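Encoded as structure tokens, the structure appears first; notes follow it.
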Amino acid sequence: NAGVTQTPKFQVLKTGQSMTLQCAQDMNHEYMSWYRQDPGMGLRLIHYSVGAGITDQGEVPNGYNVSRSTTEDFPLRLLSAAPSQTSVYFCASNSNRARSGELFFGEGSRLTVL
Amino acid sequence: GQQVMQIPQYQHVQEGEDFTTYCNSSTTLSNIQWYKQRPGGHPVFLIQLVKSGEVKKQKRLTFQFGEAKKNSSLHITATQTTDVGTYFCAGFADYKLSFGAGTTVTVRA
């Protein structure tokens with residue numbers, strides 16, 4: 035059982051470039067989310083989805099887009115990368131649409147924007 | 007908005023000693039979760055507390071939820087090198103899960 039799979043694990047971008055971080059889960063979870071982790075700031079929610087076709091903004095959505103065309107996949111798009119988006123990104127899923135209960139995290143994607 | 011504060015930010019522990027990390031919320035929580043992240047790894051769920059005053063144990067780890075459901079603690083006894091990592095609490099309220107900044111634990115052998 036793969037759980038939550040993120041790609042790529044590492045990425046270096048130049049300012050202004052765009053890219054997509056991929057996230058897939060094979061647990062049939064309705065809830066999926068993206069977090070960014072920065073030193074001393076814990077995990078901050080970027081965007082989330084409670085099911086296919088439904089997405090919403092979290093705490094820090096600016097500069098990011100998401101879509102949820104299938105239950106399994108929840109890609110995160112950086113439209114025009116900025117150095118402030120240098121971070122470690124985690125995708126997480128939950129079997130509970132109300133988000134109460136265990137979050138399953140992917141292994142993370144470390145992004146550096148030069 | 008909902009804020010979750012966690013102290014201390016860093017905890018340096020001698021192997022074999024005990025320590026406690028604390029989590030405080032600005033609002034009353036429906037439940038609180040704890041996660042552990044090993045260096046270079048991803049957060050892994052440890053436990054969820056739901057009831058006021060609830061205490062749960064996992065081997066050397068003891069988790070407590072405050073009576074007012076606004077604070078929680080994680081106590082580790084007889085610290086081992088395997089306890090190294092960052093421990094996060096996450097408070098759930100109004101369909102939102104807010105993470106604390108974490109307590110990073112290092113262990114002196």
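From first to last, the protein sequence lines are chains F and P.
Residue numbering for the first sequence is 35 to 148, as defined by the working numbering.
Residue numbering for the second sequence is 7 to 115, as defined by the working numbering.
For glycine and all other residues, C-beta sits at the position ideal for the given N, C-alpha and C.
Remember, it's a predicted structure, so these values are computed and weren't measured experimentally.
Query                                                                                                                                                                                                       : Result
Could you list the residues in the stretch 34–49 of chain P with a C-beta less than 8 angstroms from some C-beta on chain F, going in chain order?                                                          : Ser36, Asn37, Gln39, Tyr41, Gly47, His48 and Pro49
Residues of chain F with CB closer than 7 angstroms to the CB of Phe51 (chain P), please, in chain order.                                                                                                   : Glu136 and Leu137
From Asn62 (chain F) to Asn128 (chain F), what distance separates their C-alpha atoms?                                                                                                                      : 9 angstroms
Cα-Cα, which of F:Thr120, F:Gln40, F:Ser114 and F:Leu145 is closest to Asp60 (chain F)?                                                                                                                     : F:Gln40
Could you tell me the alpha carbon to alpha carbon distance between Ser52 (chain F) and Ala36 (chain F), rounded to whole angstroms?                                                                        : 28 angstroms
Between Thr26 (chain P) and Tyr93 (chain P), is the Cβ-Cβ spacing less than 8 angstroms?                                                                                                                    : no
Return the chain-ordered list of same chain residues with a C-beta closer than 6 angstroms to the C-beta of Phe105 (chain P), the five sequence neighbours on each side being excluded.                     : Phe94 and Ala96
Which bits of chain F does Phe105 (chain P) rub up against, with CB to CB less than 7 angstroms?                                                                                                            : Gly76 and Leu77
Taking 8 angstroms as the CB-CB limit, is Glu141 (chain F) close to chain P?                                                                                                                                : yes
Tell me whether the stretch 34–53 of chain P and the stretch 67–82 of chain P touch, counting them as touching only if at least three CB pairs, one residue from each stretch, are closer than 8 angstroms. : yes
Who are the neighbours of Gly108 (chain P) on chain F, taking C-beta pairs under 8 angstroms?                                                                                                               : Gly76
To which residues of the same chain is Gly22 (chain P) closer than 7 angstroms at the C-beta, ignoring the five residues directly before and after it?                                                      : Ala84 and Thr85
Is Asp24 (chain P) helix, strand or coil by DSSP?                                                                                                                                                           : coil
Counting C-beta neighbours from all protein chains within 10 Å, is the total for His18 (chain P) 16 or more, i.e. buried, or is it exposed?                                                                 : exposed
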